[in-house]
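Data block below; observations after.
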Amino acid sequence: MLQCPVKNLYIFNGLERFMPSDLVRTTVVDALQDALQRAHERGLLTLRSMPLLTLDLPKRAEWGDLASTVAMNLASSERRAPLEVAQIILDNMSKREAIFDRVEIAKPGFLNMTVKPKLWLAVLGEIESSGAAYGRCDLGQGRKVLIEFVSANPTGPLHVGHGRGAAVGQALARLLIAAGYHVVQEYYINDAGRQMKLLGASVYVRYQERMGRAASLPEDGYHGEYINDVAGLVADRLGDALLTLPAPEAESRCRDLAYAELLEAIQKDLKEFGIVFDSWYSEAGQSATGVVDQVLNELRTRALVFEEDGALWFRSSVYGDEKDRVVRKREGDYTYLAADIAYHRDKLQRGYDLLIDVWGADHHGYIPRMQAVVQAYGHPADRLRVVLVQMVHLLRGGAKVEMSKRAGEFVTMREVLSEVGADAAKFFFLMRRSDTPLDFDLELAKRRSADNPVYYVQYAHARLASVFRVAQERGIVVPKTGEADLSLLADADSLALVRKLSAYPSVLEGSAAALEPHRVTFYLQELAGLIHTYYFKHRVLPTVSAEESTEEEPAFGSEAAAQCRNHREPLTPAVTAARLVLMGQVRQVLENGLSLLGISAPDRM
RNA sequence: GCGCCCGUAGCUCAGUUGGAUAGAGCGUCGGUUUCCUAAACCGCAGGUCACCCGUUCAAUUCGGGUCGGGGACACCA
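Heads up: the first sequence begins at 545 in my numbering, then just goes up one per residue.
So this is what it looks like as structure tokens:
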């Protein structure tokens, strides 16, 4: 469905194949690839059709750490039993001993592989040398992306829904940067048209009331309390000067002041939320240039815009939209679409290879017509990808917090921010796929306990940071990866962590390709879970009392050691050194992941 | 009525572009702290993956249909 540019292509028998990006997977895929090639050269396999060489993570430990289904996928085109094909692949692996501890064939035709710990552990060195760059990939190959998000009318403060859009947009932007795109983040200011007029009129009404003159809000006017505040500001600045002006002029003065004030408030909210835009694009600025007319005329000469019933229409139906759409009403006003056509044409002309729009999910019906615009300018529809963001249901201790923008009473982003903080808000906004509704419990987000996933992940980072702090205090040297004996990390718990670390690049890549930042959030929760367990079970630094102790203790990794917790586990300086290396890289990946989501990675909590 | 999203444990949701005995968190209940942060850890229980049909060696995943929930429909933005 979602089409995305794909990296790491390699050609095999004339077919393009996708390859995973992390170290171990790459190695294993190469080995399988090589085995297939050799079997082919020996006439054992025809390889008329090549299946994807993807690797699965087996669900059970006895199935190894990676599994391949190639044999089953190949079986029908090879006209052989899957088990036979698996055997052939196995027999033709040339570097088997160097890479695997075990390769086994299982029931229907799985190839279950256990990779040598040494190979897994090599990822630690990779993380160390890459640091903050670990996990980056070249999916984008430098392609230019414009991601537009929030884009709220400057007619009021941002509400929670905008907050979710902001968190998603920012995370996407960072994700795409990490995936090798050149990214520009833009806010489209809807500062033209009817809504702005209504804003001016509403403020003027409140202004008059302040001045003791009776007035009533226009239908569809803005009711919010903030309108009153803005009216107060107008009164402070201009006194009663507006009372003597003709209404249209007074309203327009109110509009201009309100606009400046509200836009500034929006920018302030976003800044506080840690969201920074590269570019602010004004709709009013665009329409002032006359470009909308120009664009419509241009489309008219191509018969993509036509006149009917006194209105002007965009022939979006030829590009798959269900019907044509009005761009200029009979009364002569442009519709929102007209401005949007010009805006998206402008984006395309600025030379972006990919446009991403983050919209509220209620605009989903708008997608076909915008993709029609993109096609009208000669680009494939998927040059524009729309990420939909669903509603946020605010809860407080399980009970719904009612919101109604109509009545002017809605929960603002600012309120949520000041109540739970930017980190917690972002984490919650990114905890679900963006196109599913989100329950956001304010009480839960504030709670400093295990059931709050934000703190769970941040605490994992803080704990590790603390280990290094204590190590430094005690004068324990933190070695470089190359200086430690990594073979001491060959136990199941350490390897589980290392395998998780090595999956990080694939998670990022998948997340970026699918435009789904929530995958990173899930990954971080899983990694945090592993490290909390590890921390509880295994000691990294020697206990102060045990530093000279030579007492008999259960053998490392034995049942007894696992039962009776970490302090009985033998801990030599070499083990401490190796574990410090491991902890250091886990900390790094936690930091990388959190920073991708725009969330801080605290050193202490 | 036409598109869109969704239906997985009591609740909220993941499920790696079709794989083996379907996972996590919360909630319930029970346990763990002389020692690197208990904001943590461990254990128990909980499922016809809404339903039917199809494609396949293999379907929670793909296709079709049914039922149910949400959102949407404009010469509003």
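Where a beta carbon is used, it is the ideal one built from N, C-alpha and C, also for glycine.
Item	Value
Which of helix, strand or coil DSSP assigns to Val647	strand
Residues near Ile671 in its chain [Cβ-Cβ closer than 7 Å; skip 5 each side]	Tyr678, Leu1045, Gln1129, Gln1132 and Val1133
Three or more C-beta pairs below 8 Å linking the stretch 587-602 and the stretch 638-646	no
Proximity of Phe654 and Thr613 at Cβ, strictly below 8 Å	yes
Nearest neighbour of Val572, chosen from Arg680, Lys660 and Gly709 [CA to CA]	Lys660
Validate contact between the stretch 688-702 and the stretch 718-737 using beta carbons, cut 8 Å, 3 pairs	yes
Rounded separation between Thr1077 and Ala1118 - CA only	22 Å
CB contact flag (Val955, Val774, <8 Å)	no
Unbroken stretches of the alpha helix (DSSP H), 4 residues or longer, contained in the stretch 823-871	827-832 and 835-845
DSSP beta-bridge partners of Lys944	Leu939
Under 8 Å between C-beta atoms of Leu1033 and Leu665	yes
Nonlocal neighbours in the same chain, by C-beta distance under 6 Å from His888, ignoring five residues either side	Val917
7 Å Cβ shell around Ala715 - same chain, five flanking residues per side excluded	Leu974, Pro1061, Leu1140, Leu1141 and Gly1142
Touching by the beta-carbon criterion (3+ pairs, under 8 Å), the stretch 1061-1076 and the stretch 982-1002	yes
Leu986 beta carbon less than 8 Å from that of Leu939	yes
Where Leu1138 falls: helix, strand or coil (DSSP)	helix
Ile885 versus Ala1009 - alpha carbon distance	50 Å
Where Ile819 falls: helix, strand or coil (DSSP)	coil
Spatial neighbours of Tyr732 in its chain, beta-carbon cut-off 7 Å, leaving aside the 5 residues before and after	Glu692, Ser695, Tyr825, Glu827 and Tyr887
Selection from Ala809, Gly783, Asp574 and Glu808 that minimises the alpha carbon distance to Arg797	Gly783
For Val902 and Pro912, the rounded distance between their alpha carbons	15 Å
Straight-line gap, Arg1109 to Asp1037 (C-alpha atoms, nearest Å)	Confidence at Arg1109 is low in this model, with a pLDDT of 47, below 50, so the placement of that residue should be treated as unreliable; the coordinate-derived value is given next. Answer to the nearest angstrom: the Cα atoms are 14 Å apart.
Selection from Ala882, Val871, Tyr921 and Arg869 that minimises the alpha carbon distance to Arg894	Tyr921
Distance cut-off 7 Å: Arg1148 Cβ against heavy atoms of the ligand MN	Annotation note on the ligand MN: not contained in the displayed structure, which lists no ligands.
In DSSP terms, what Tyr732 is bridged to	Tyr825
Best match in Ala711, Leu627, Gly675 and Ala625 for proximity to Leu961 [C-alpha to C-alpha]	Ala711
Per-residue DSSP class, three states only, for Ser612	strand
Other residues of its chain near Glu1091: CB distance less than 7 Å, five sequence neighbours each side excluded	With a pLDDT of only 47 at Glu1091, under 50, the local geometry of the prediction cannot be trusted, and the value read off the model is given with reservation. The answer is none, since no qualifying residue turns up.
Where the beta strand (DSSP E) through Trp903 begins and ends	Leu898 to Gly904
8 Å Cβ cutoff met for Ser1055 and Asp566	no
Inter-residue Cα distance where the pair is Ala1121 and Val930	48 Å
Beta-bridge partners of Glu692, as assigned by DSSP	Glu730 and Asp901
As assigned by DSSP and simplified to three states, the class of Arg929	strand
Backbone secondary structure at His703 - three-state DSSP	strand
Continuous alpha helix (DSSP H) stretch holding Thr571: start and end	Leu567 to Glu585
Where the alpha helix (DSSP H) containing Asp985 begins and where it ends	From DSSP, Asp985 is part of no alpha helix (DSSP H) but of the beta strand (DSSP E) over Leu982 to Asp985.
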